[in-house]
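Before any comments, here is the structure.
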Amino acid sequence: MNYIQLTKENIDKEYLCCATSNKLGTAAKRAWLKQQLDQGLYFLKGDVSGKVFIEAMPVEKAWLPIIGNNYMIIDCFWVSGKYQGCGFGKELLAKLIDQAKAEGKSGLAAITSAKKMPFLSDPVFLKANGFVLADSWAPFELAALPFDDQPLPAFNCSKAPEGLCLYYTAQCPFTAQYAPLFKKIADENNIPMTLIHIDTLEKAKACPSPVTTYALFKDGCFVTNEIYSEKKIKSFLGI
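Residues in the sequence shown are numbered from 1 upward in steps of one, following UniProt numbering.
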């Protein structure tokens with residue numbers, strides 16, 4: 001398979017397999033990617049109309065509450081549909097490893113979990129490719145693939161909020177629709193809720209969850225990183 005690296009010159013014309021949900025989400029995702037390209041974003045995609053891509057950022061600039069030095073953090077890694085099980089995931093990871101080493105990085109890291117969860121890298125795949133456990137924050141784990149003896153990165157989450165609170169970023173195009181919808185449904189039913197749009201690196205680094213794309217909390221406890229549909233929102237709220 002041929003692969004294409006996103007740049008400022010081609011980002012407006014390249015097919016973004018995850019950004020096809022709606023115009024609002026697609027525009028927000030492209031704008032976020034453009035902003036991150038200036039901060040060292042590496043986005044490599046298969047030259048196909050499907051979900052075959054890997055996205056990574058320097059840990060210092062990644063929109064995640066992770067501390068570390070000279071690591072690349074995998075933000076999103078997705079191979080699905082007819083392309084799954086064909087070795088493309090290994091190819092993408094190998095190309096990212098080559099890129100990171102060419103930049104003199106000390107290793108890679110990715111957020112995963114003991115058991116496979118939605119929107120996270122597969123823990124079995126990472127382990128099979130040499131990743132080791134660097135840190136944990138239940139139910140999440142931070143897997144790392146070190147290249148040298150630099151200390152492994154670690155989670156640095158802030159205190160969880162009280163009440164019902166949802167954090168989200170524009171990294172995932174689906175949040176532009178479903179995060180505000182959660183707030184709208186809660187308001188219409190007089191259910192107190194706080195919606196926090198993470199729109200800066202500083203806000204992301206101060207998030208109480210390892211995952212910032214979509215993180216739902218209730219009474220100080222993490223609930224889910226799954227982007228709830230309208231049906232699931234209403235079920236969760238007991239409507």
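The beta-carbon is built from N, C-alpha and C at its ideal position, and this holds for glycine as well. The structure presented is a predicted model; accordingly, all values stated were derived computationally and were not measured.
Using three-state DSSP, classify residue i as helix, strand or coil.
{"i": "K116", "result": "coil"}
{"i": "F222", "result": "strand"}
{"i": "Q39", "result": "coil"}
{"i": "V52", "result": "strand"}
{"i": "E162", "result": "coil"}
{"i": "Q5", "result": "strand"}
{"i": "G25", "result": "helix"}
{"i": "T175", "result": "helix"}
{"i": "G89", "result": "helix"}
{"i": "G81", "result": "helix"}
{"i": "W63", "result": "coil"}
{"i": "K95", "result": "helix"}
{"i": "F125", "result": "helix"}
{"i": "A138", "result": "coil"}
{"i": "D187", "result": "helix"}
{"i": "K45", "result": "strand"}
{"i": "L152", "result": "coil"}
Give a yes or no on whether the C-beta atoms belonging to residue i and residue j are separated by under 8 Å.
{"i": "C207", "j": "C157", "result": "yes"}
{"i": "P118", "j": "K29", "result": "no"}
{"i": "L96", "j": "L133", "result": "no"}
{"i": "E141", "j": "S106", "result": "no"}
{"i": "F53", "j": "W32", "result": "no"}
{"i": "G40", "j": "P65", "result": "no"}
{"i": "I4", "j": "K34", "result": "no"}
{"i": "L24", "j": "Q177", "result": "yes"}
{"i": "L108", "j": "M72", "result": "yes"}
{"i": "N190", "j": "I239", "result": "no"}
{"i": "A138", "j": "F217", "result": "no"}
{"i": "F131", "j": "L145", "result": "yes"}
{"i": "F147", "j": "K90", "result": "no"}
Since residue i contacts residue j with CB under 8 Å, what's their CB separation in whole angstroms?
{"i": "A94", "j": "D75", "result": "18 Å between Cβ atoms; not a contact."}
{"i": "Y228", "j": "T175", "result": "Incorrect: roughly 11 Å between the Cβ atoms, too far for contact."}
inquiry  = Three or more C-beta pairs under 8 Å: does that hold for the segment 186-206 against the segment 158-172?
reply    = yes
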